[in-house]
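The structure under discussion appears below in the form of structure tokens.
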Amino acid sequence: MDLSTILGIIAAFGLMIVAMMTGGGVLLFVDPASLVIVGGGTIGATLVHYPFKEFARALAVGKKAFFHRDEPAKETIEQLIRFATKARKEGILALQSVMGEVEDTFFLKGMQMAVDGQEPDELKVMLDREIDYIQERHETGADIFIAMGTYAPAMGMVGTLIGLVQMLQTMDDPSTIGPAMAVALLTTFYGAVAANVVCMPMSGKLKNRSQEEVLRKTLIAEGMRCVLAGENPRIMEQKLHAYIPPKHRESSFGKKD
């Protein structure tokens, strides 16, 4: 579970709830009609913009903002160095005996390609192509949340206009002014909250997650190319360390960078 996402949501909504309670209670800010206008309008506009399959996929990917298993790049490098050393000593076919240690399907694919006799440069090209497609899918998912964050305030303004029209048409009945004004103001409030507390932050978190995953897969692609080419593990380690910040570079050969 991603602690920063959970803490961020708790802090944002918690502070808003405290502010609401000091001004008369949370129930004053609950209006089903406003929720329907903002929620339904945002989803409807997003479905007009994107195909339903991409929208559904983005919602499924959204869970990565809350649930994420951290896989440090240095651990991936250490594993690659270990496999490179084994392949250099025992031959590339020796990688078959360590495939059970790998859970990542992308990593397994690279190892299987190496064992099957793929040329180093061709292996790298094929894995890089898959990385590009993965990155493209991730960007689409993040863009959908950005679109929702754009439409939510707009739907809030639509709700505000609806409420104002209703209020102006019934000015002769003071009892209707309050409910109409509530719809007018609360839709703007809901739209702002949905955009700035949920949609936009989730888009940013998904982009960060995508960068981490792409980095790890890039390390795997370059590492497997080096393994298949039979490069010296020390030289291979230096190449892979170029992808990560200096403070995270720890040599598997007992020497810090």
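Here the numbering used here runs 4 ahead of the position in the sequence shown, where the first position is 1. Every residue, glycine too, gets a C-beta built ideally from N, C-alpha and C.
(message) Can you confirm whether the region 64-83 touches the region 231-250 when touching is taken to mean that 3 or more C-beta pairs between the two stretches lie within less than 8 Å?
(response) yes
(request) Could you have a look at residue 17 and say whether DSSP puts it in helix, strand or coil? (result) helix
(request) Apply the 10 Å Cβ neighbour rule to residue 165 and answer buried if 16 or more other Cβ atoms are within range, or exposed otherwise. (result) exposed
(message) Output needed for residue 204: all residues of its chain with C-beta closer than 6 Å, excluding positions within five of it in sequence on either side, in chain order.
(response) 153
(request) Determine the DSSP secondary structure at residue 1, reduced to helix, strand or coil. (result) The first residue shown for the chain is 5 and the last is 261, placing residue 1 beyond what the model contains.
(request) Could you tell me if residue 115 is buried or exposed, where buried requires 16 or more neighbouring beta carbons within 10 angstroms of its beta carbon? (result) buried
(message) If contact is defined by three or more beta carbon pairs under 8 Å, each pair taking one atom from either stretch, is the region 131-139 in contact with the region 207-226?
(response) yes
(message) Along the chain, where does the alpha helix (DSSP H) containing residue 68 start, and where does it finish?
(response) Note, residue 68: premise wrong, no alpha helix (DSSP H); not H, not E.
(message) Taking only three categories from DSSP, how would you classify residue 8?
(response) helix
(message) Let me confirm a value: residue 206 is counted as buried when at least 16 other C-beta atoms fall within 10 Å, else exposed. Which label applies?
(response) buried
(request) Using alpha carbons as the reference points, say which of 138, 111, 236, 208 lies closest to residue 69. (result) 208
(message) Quick check on residue 261: buried or exposed, where buried means 16 or more other Cβ atoms within 10 Å of its Cβ?
(response) Summary for residue 261: the model assigns pLDDT 44, below 50, so the residue's position carries little reliability; its value from the coordinates is reported in the next sentence. Classification of residue 261: exposed, given that the 10 Å Cβ count is below 16.
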